[in-house]
Structures are given as structure tokens and as C-alpha cells.
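Input: a single structure, listed below in C-alpha cells.
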Amino acid sequence: MADKYHRRSLIALPDDIILQVFHHLEAPDVLSLSLVSCRFHRLSNLLVVWRHVFLHLLHRTRYIDLLAIDQKPLQSVRTDELKRSVLLAALAENNWLQKRPKARAASQIIELRSAIGPDVSLDKNAYITKFTSKHLLIPLEGGKMVGWNLKDNTSAGSFDMGPDCMVLDLALEKPTRTLLGAVARVAPVRFDDSFGMHVRIGILRIGVPEDNLPQDLIFERTKEVTLLLPFTSEVHLLDVSRRMFCVAFGSHESNVMAILVMFDWDTEEAGIINTGIPYDHGRSLIGIHLSPEGDSIVLVSENGGSEIRRWYRLGDLTPSSETWNALAYEPGPVTHPAREEVFKWEAEPSVLLKTEGTNAFMFWTIDQIPEPPYPEIPTRVSTIVLYLTAPAGPEGPNPSEKTWRVAQYYSDKNGPCSPSRSKLTLRNPALDPVEDHMPIVCVSFNHVGWVEEVNEDGAVVRRMKLVTFPDPGTTHDGDLADTASTLDIPSDILKSAYHVLLDATQGLILVATVEQTLHVYRY
């Protein structure tokens with residue numbers, strides 16, 4: 023009787039009150055309430071309802087696929103377009119928060135050797151990149167790049183980048199629906215008494231067709247820049263609309279970190295920043311981006327439990343169109359930052375402070391989509407740092423005593439959003455079968471996953487573990503590994519895995535195996 027009374031009470035509510043109720047609900051609850059009556063269902067499909075759910079998810083830094091709608095004002099987007107993007111992300115997140123999430127359907131299997139050729143080999147040193155609702159971009163060893171249509175399970179175009187060519191970075195240029203990639207052809211070179219790389223950085227433009235059109239991806243090489251760089255250099259795309267990228271490297275003589283800023287790859291005008299900071303490849307720098315105003319480059323580093331941000335004004339650099347030879351670079355006067363901020367983390371475990379044997383091993387900085395942001399939505403970045411603790415023995419680090427930890431935090435233009443970082447230990451991580459120095463790990467804006475390997479009753483068993491990071495401004499007291507979900511990906515598949523991709527916008531986990539097969543799981 024009580025349920026019938028409550029149902030009649032809900033049905034009697036005026037439309038404006040029902041809409042107010044919808045405005046306080048998450049996406050799964052909106053779907054549930056839409057089943058009350060035909061009127062509730064009609065109201066639940068109004069654009070204003072899904073616009074509110076969408077903006078709420080962005081406030082919580084959820085990562086949503088907007089490629090199909092980002093060229094329109096939010097008020098003019100079709101409800102079905104917005105609803106689909108929101109539900110894909112929200113329902114997957116809700117599923118992944120369960121202790122044992124189950125895929126919504128059988129896995130999709132992509133046999134690359136039978137589809138592309140017998141000699142295909144995945145380039146694990148680049149990556150497999152998911153960037154639209156139905157396409158994969160797959161770099162292969164030998165310099166070939168293949169597009170794949172997930173919806174039809176067919177090839178969607180390819181491009182021969184050339185031998186010894188690798189993908190360095192990728193960024194989306196939304197107004198033109200194109201992906202811009204920095205790809206490099208590398209050859210060793212000797213300069214005076216030092217060795218380095220002769221690097222031809224090509225800018226590859228990849229056109230993405232409309233979702234309802236069957237065309238292949240469109241590949242076009244638009245520019246090539248030649249540089250001489252040390253072997254330990256990092257290339258980052260800064261702003262593809264302004265044709266900007268940068269290279270971080272250590273000077274030959276003093277190993278001081280320098281930043282080569284390419285102002286415009288069409289004119290090849292560049293300037294250089296001498297930071298005066300010792301350079302340690304992959305560790306000195308945990309973030310580099312342009313300021314929101316676009317007039318400064320921001321370097322993010324860490325030191326003993328603190329984050330340090332340094333702003334360098336682009337206007338203070340002297341542009342030059344000379345061919346840059348970083349091997350011959352001799353540091354001049356230190357370029358002093360226009361601004362510097364130090365943020366000391368609270369509640370840092372002692373092992374992550376400046377401790378002997380513990381170092382930052384790798385980092386990811388992931389921008390939140392959309393960009394530019396919608397009104398009242400701050401532009402946020404998720405920074406994920408992978409730490410390695412390897413106590414040194416008489417003959418070097420003991421592999422059996424290695425411990426891998428992850429620290430994550432969100433930040434905006436004002437700095438970190440929380441006083442402390444989210445932290446977790448990768449328990450029993452399976453190591454890369456090709457190069458066993460690193461665990462098999464995947465990340466997204468809000469997640470980290472890893473392949474766990476344990477011995478049960480004398481047999482090796484692998485499981486896919488996944489952790490969802492807390493919302494900005496909140497913290498978790500303890501090790502987030504205690505909250506990890508166990509996905510239903512079979513152990514036999516994971517035993518031959520050497521690369522895993524996580525796409526939260528589509529609710530996908532993609533496992534690449536040594537047999538050159540991709541297994542796509544939809545959650």
C-alpha cells in the first residue's frame with residue numbers, strides 16, 4: 023500500500039517540481055525515475071535534465087566523450103547525443119565501483135595478423151590510443167599506423183610513417199575534428215665527443231569522420247622539423263591550434279634541464295629555457311603545459327613530498343629560426359621563473375618522501391575534456407605518478423623487493439584541488455613479459471588499473487584490478503588498493519597480456535596480447 027501511495031504522490035507532482043527532483047539525481051537514478059510513468063519518461067528526456075547531469079559529472083571531473091557534440095553550444099545539442107555520452111561514462115563508472123564488475127557483453131576480438139598481415143607487430147613503446155566513440159588508432163612496429171573501426175570490426179585506413187618511426191604525443195584539435203600527432207624518425211648520431219639522436223619530428227594530421235559516416239580515417243603529414251637531441255629527451259605537444267610543442271632535455275656538460283619551446287612548427291621559430299634544475303629523465307618533470315592565459319609555460323616537478331610549479335613567460339624568450347642542436351647546447355644564464363609556488367602535501371607516507379631507494383618512475387598528466395571549458399567548469403588536470411621503491415643490495419636492487427606505488431591528484435589553474443594526494447600500492451603486479459622492469463598498468467583521468475599475479479594452489483592466476491580515484495576536494499584515509507575492483511577478464515587472456523588500455527568515456531578495457539590480438543571488454 024505504501025509503495026502505491028508514494029507512486030500516486032509522485033505522479034501528482036507538477037512538472038517543475040519533477041524537474042527539480044531530476045536535477046538532484048545521478049544518471050542511473052534518472053533512468054530509474056523515468057519508469058514511474060509516461061510523463062516522468064517524457065520529462066526525463068528533456069535536454070535540461072541531461073545538461074544538468076552532464077555539468078554535475080564535469081564538476082566531479084568525470085571524463086566524458088564529447089567529440090560528437092563539442093562544436094555546438096550546449097543548448098543546441100540534441101538530447102540523444104548528450105544522453106548517450108553521459109550514460110556511457112556514468113554507467114561504466116557505476117559498474118566499476120562494484121567489487122566484481124561484469125562486462126556488458128562478450129569481448130570483441132581483433133586478430134591483427136589475419137586482418138592486417140602476418141608480419142604485424144604492435145609497437146608497445148608507442149601505445150594504442152582510443153580517441154573517438156568507434157575508432158582505435160594502432161601504431162605498429164616498422165612505422166605503420168592503422169585505424170580500426172570498433173563498430174564494424176574492420177580496418178579504417180592506414181598510414182606508413184616510415185621505418186624507425188614512433189609516436190611521441192597526440193592531441194585533439196576539436197574545431198577541425200582532427201587528431202594531431204608528433205611522430206619521430208630517429209637515427210643515432212655522434213657530435214664531437216657526445217652521442218645523441220638525429221630526430222625528424224613530423225606532424226601527422228588524422229581526420230576523424232562523423233560518427234554516422236563510414237569513411238576511413240584521413241592521414242596527412244603536414245610538417246617536419248629536424249632536431250639533434252640527447253637520447254634522454256621528452257617531447258610534449260603544448261597547443262596544437264598554435265602549432266606549439268616543447269622538448270625537455272639535459273645539457274651535455276652539466277646535465278641541467280633545458281626546455282626547447284617551438285613557438286610555431288611552420289616557421290620553426292623556437293626559444294630555450296635554462297631552468298638551472300638537475301635533469302633526471304622521466305623524473306625531474308611531472309607536468310608541463312601552457313598557462314590558462316597562454317602566455318607562460320608551466321613546469322611541474324616534485325621534491326620530497328612537495329609539488330613545485332614554475333611559470334616562465336614566453337615573451338621573455340628570444341625566438342630564432344635556426345636549426346636547433348641540443349647536443350651543442352651550452353647553458354647560459356639561468357632563466358628565472360616569473361612565478362614559483364611550492365605546495366607541500368599533507369599526510370604523505372614516509373616512503374614517498376625523499377627516501378633512499380624510492381623515486382618517481384613515470385608520470386601521466388591527463389587533461390579533462392571539454393576544452394575550452396563550459397561556464398563555471400574549471401579546467402582540471404589529473405596527475406598520476408608511479409613510484410618505485412627498490413632497496414639496493416650489494417649487487418644492485420633486488421627485483422623481488424621492488425614495490426610499486428601510485429600517487430594521484432587533481433589540479434586547476436590555482437594549483438592542487440586537495441591538500442593531500444590519493445595513494446595506493448600496486449599489489450602483486452604482473453610485469454611486462456617483454457621488458458620486465460615495469461608492471462602492466464593503465465590509467466585514465468579518474469582510474470588506475472593493473473594486472474595482478476598470484477599463486478593459488480600451485481597455479482599462477484592473473485586478475486585485472488581497477489581503482490577509481492576520489493572526487494576533487496576529497497581524500498581517502500589509507501591505501502586505495504583496499505577499494506580495488508576485480509574485473510571479469512579471464513586469467514588466460516591476462517597471462518599473455520603486455521599492454522592494457524582503459525577508456526572511461528566508453529567504458530572500455532582493451533587488452534593487447536603477445537599473439538598480436540586485441541581483446542575489447544565493454545563495461
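Take the sequence shown: its letter number 359 is residue 381 in our numbering, and every next letter is one higher. For glycine and all other residues, C-beta sits at the position ideal for the given N, C-alpha and C. Only a predicted model underlies this, so the values are computations on that prediction, with no experimental measurement involved.
Host beta strand (DSSP E) of residue i (start-end)
| i | result |
| --- | --- |
| THR539 | 539–544 |
| ALA137 | Counting along the chain, ALA137 falls outside any beta strand (DSSP E), though it belongs to the alpha helix (DSSP H) covering 134–138. |
| LEU110 | Counting along the chain, LEU110 falls outside any beta strand (DSSP E), though it belongs to the alpha helix (DSSP H) covering 101–118. |
| GLU256 | 255–261 |
| ALA526 | No beta strand (DSSP E) holds ALA526; DSSP gives it neither H nor E. |
| PRO300 | 291–300 |
| HIS157 | 157–161 |
| LYS166 | 166–171 |
| LYS121 | No beta strand (DSSP E) contains LYS121, which DSSP labels as neither H nor E. |
Cβ-based neighbour list, residue i, same chain, cut-off 7 angstroms, excluding 5 preceding and 5 following
| i | result |
| --- | --- |
| PRO394 | The predicted model places PRO394 with a pLDDT of 49, which falls under 50 and marks its position as unreliable; any figure quoted below should be read in that light. Nothing listed; no residue qualifies. |
| GLY298 | VAL278 and VAL356 |
| ALA137 | SER177 |
| GLY337 | ASP317 |
| ARG484 | ALA452, VAL473, GLU474, GLU475, SER513, LEU516 and LYS517 |
| GLU370 | GLY327 |
| SER343 | THR289, GLU290 and GLU291 |
| ARG544 | ALA125, ARG126, ALA127, GLY529 and LEU530 |
Residue i - DSSP class collapsed to helix/strand/coil
| i | result |
| --- | --- |
| LYS517 | helix |
| HIS63 | helix |
| PRO355 | coil |
| PRO394 | In this prediction, PRO394 has a pLDDT of 49, which is less than 50 and means its spatial position is unreliable; nothing more can be read from the coordinates. |
| GLY337 | helix |
| VAL52 | helix |
| ILE91 | Legend: pLDDT at ILE91 = 49, less than 50; position of this residue unreliable, value from coordinates given subsequently. Correct three-state label for ILE91: coil. |
| LEU410 | strand |
| SER313 | coil |
| THR505 | helix |
| THR387 | strand |
| SER372 | helix |
| THR198 | helix |
| GLU423 | helix |
| LEU282 | strand |
| ARG264 | helix |
| LEU349 | helix |
| ARG84 | coil |
| ILE462 | coil |
| THR176 | strand |
| ASN184 | The residue you asked about is not Asn; residue 184 is Gly in the sequence shown. Note: GLY184 maps to coil in three-state DSSP. |
| VAL58 | coil |
| ALA193 | strand |
Residue i versus the options, residue with shortest Cα-Cα distance
| i | options | result |
| --- | --- | --- |
| CYS439 | LEU35, HIS81, ARG61 and ASP51 | HIS81 |
| GLY495 | ALA503, ILE388 and ASP434 | ASP434 |
| ASP133 | ALA350, GLY293 and GLU537 | Rather than Asp, the amino acid found at residue 133 in this sequence is Glu. Nearest C-alpha to GLU133: GLU537. |
| CYS464 | THR297, ASP286, GLY164 and VAL533 | VAL533 |
| HIS521 | THR535, VAL168 and THR508 | THR535 |
| ALA280 | THR289, GLU291, PRO252 and ASP261 | PRO252 |
| ILE295 | ALA128, VAL70, ASN116 and ARG332 | ARG332 |
| LEU540 | ASP38, PRO36, LYS105 and LEU159 | LEU159 |
| ARG84 | LYS445, ASN116 and GLY184 | ASN116 |
| TRP386 | PRO400, ALA348, HIS311 and TYR351 | HIS311 |
| PRO492 | ASP510, LEU523, ILE531 and ARG443 | ARG443 |
| ILE511 | VAL43, LEU502 and TRP118 | TRP118 |
| PRO353 | VAL168, ARG402, THR490 and SER273 | SER273 |
| ASP38 | GLU48, ASP51, LEU53 and LEU68 | LEU68 |
| PHE76 | VAL58, ARG64 and ALA112 | ALA112 |
| PRO461 | THR340, LYS424 and GLN237 | LYS424 |
Cβ neighbours of residue i in the same chain (closer than 6 angstroms, five flanking residues each side left out)
| i | result |
| --- | --- |
| GLU256 | ALA270 |
| LEU226 | GLY203, VAL205 and ARG243 |
| ALA209 | HIS220 |
| CYS60 | none |
| ASP182 | LYS166 |
| GLN130 | VAL542 |
| GLY437 | PHE365 |
| ILE91 | Summary for ILE91: the model assigns pLDDT 49, below 50, so the residue's position carries little reliability; its value from the coordinates is reported in the next sentence. Counting only Cβ-Cβ distances below 6 angstroms, and skipping sequence neighbours, we find VAL99 and GLU103. |
| ALA503 | LEU446, THR447 and ARG449 |
| TYR301 | GLY272, ASN277 and MET279 |
Residue range of the alpha helix (DSSP H) that includes residue i
| i | result |
| --- | --- |
| HIS78 | 69–81 |
| PHE44 | 37–44 |
is_contact[residue i, chain C] using C-beta, thresh 7 angstroms
| i | result |
| --- | --- |
| LEU524 | In summary, chain C is missing from the structure at hand, where a single protein chain is found. |
Same chain, Cβ closer than 8 angstroms to residue i, neighbours up to 5 away in sequence not counted
| i | result |
| --- | --- |
| ASP186 | GLY165, ARG207, VAL208 and ALA209 |
Heavy atom of the ligand MN within 6 angstroms of residue i beta-carbon
| i | result |
| --- | --- |
| ARG61 | Of the ligands one can find in the structure shown there are none, so the ligand MN has no counterpart to examine. |
Does the structure place the stretch 239–248 close enough to the stretch 311–326 that three or more beta carbon pairs sit under 8 angstroms? Judged by Cβ distances under 8 angstroms, the stretch 311–326 makes no contact with the stretch 239–248, as fewer than three pairs qualify.
For the 8 angstroms Cβ check, are there 3 or more pairs between the stretch 445–461 and the stretch 516–529? yes
Contact between the stretch 400–414 and the stretch 475–482: three or more CB pairs below 8 angstroms? no
At least 3 beta-carbon pairs within less than 8 angstroms: the stretch 360–374 vs the stretch 254–268: no
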